[in-house]
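In the working numbering, the protein residues as written are 5 to 131.
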Amino acid sequence: MRTLSRAGIALGAALLATTAVPAASAHAEDRGTCVSRQGWGELCLKFKNNGYSISYYKAWNPGNQADTLDFNLDCASGRWFGDEGAFTQWSQTWRSYTFAVGNQGKCWGVLIDVDNGQRIEGAAVNG
Numbered sequence: 005m006r007t008l009s010r011a012g013i014a015l016g017a018a019l020l021a022t023t024a025v026p027a028a029s030a031h032a033e034d035r036g037t038c039v040s041r042q043g044w045g046e047l048c049l050k051f052k053n054n055g056y057s058i059s060y061y062k063a064w065n066p067g068n069q070a071d072t073l074d075f076n077l078d079c080a081s082g083r084w085f086g087d088e089g090a091f092t093q094w095s096q097t098w099r100s101y102t103f104a105v106g107n108q109g110k111c112w113g114v115l116i117d118v119d120n121g122q123r124i125e126g127a128a129v130n131g
């Protein structure tokens, strides 16, 4: 099931023209490895001493509506970590969370849009 899920995410990401960009080029703060998707925004993941820091910049959208989003961490070891639950995010704002889980090896940041079930998976980061 995990393999099918990862394959589906990869295919969906490719179809939605996701591109990896270096975070430093867009931000003064080093947010790690980022993935941008037009119409969504930018999802970043960085390894820190105590775990993984995930952050998301929500792009502007017509009507400036808020979305209900949820951060997760998916690791190659088979471990999956959730944050403290869904949060509301408005356009043109950053939100972040640190998964204080220690070094889990290679992991992906995952952002789920609770309102419609869509998700973006960030570029992999090694611990």
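Think of the CB as a built atom: it goes at the ideal place given N, C-alpha and C, for glycine as much as any other residue.
- The alpha-carbon of Ser95 is positioned some 27 angstroms away from that of Trp84.
- Straight across, the Cα-Cα distance linking Leu77 with Thr97 is about 21 angstroms.
- If the five residues before and after Asp74 are omitted, its C-beta is found closer than 6 angstroms to the C-beta atoms of Ala90, Ile116 and Val118, all from its own chain and listed in chain order.
- Beta bridge pairing from DSSP links Gly36 with no other residue.
- Nearest C-alpha to Ser100 among Gly86, Asn65 and Tyr61: Tyr61.
- Here Asp71 is buried, its C-beta having at least 16 other C-beta atoms within 10 Å.
- Spanning the alpha carbons of Gln69 and Ala63 requires a straight line of approximately 11 angstroms.
- Secondary structure note for Gly55: its beta strand (DSSP E) is the uninterrupted segment Gly55 to Lys62.
- Secondary structure note for Val114: its beta strand (DSSP E) is the uninterrupted segment Cys111 to Asp117.
- Here the alpha carbon of Ser59 sits roughly 11 angstroms from the alpha carbon of Gly45.
- One thing to note: Val105 has its Cβ within 8 angstroms of the Cβ of Gly55.
- Within its own chain, the residues whose Cβ lies closer than 7 angstroms to the Cβ of Leu47, once the five positions on either side in sequence are excluded, are Cys38, Val39, Tyr60, Gly113, Leu115, Ile124 and Gly126, listed in chain order.
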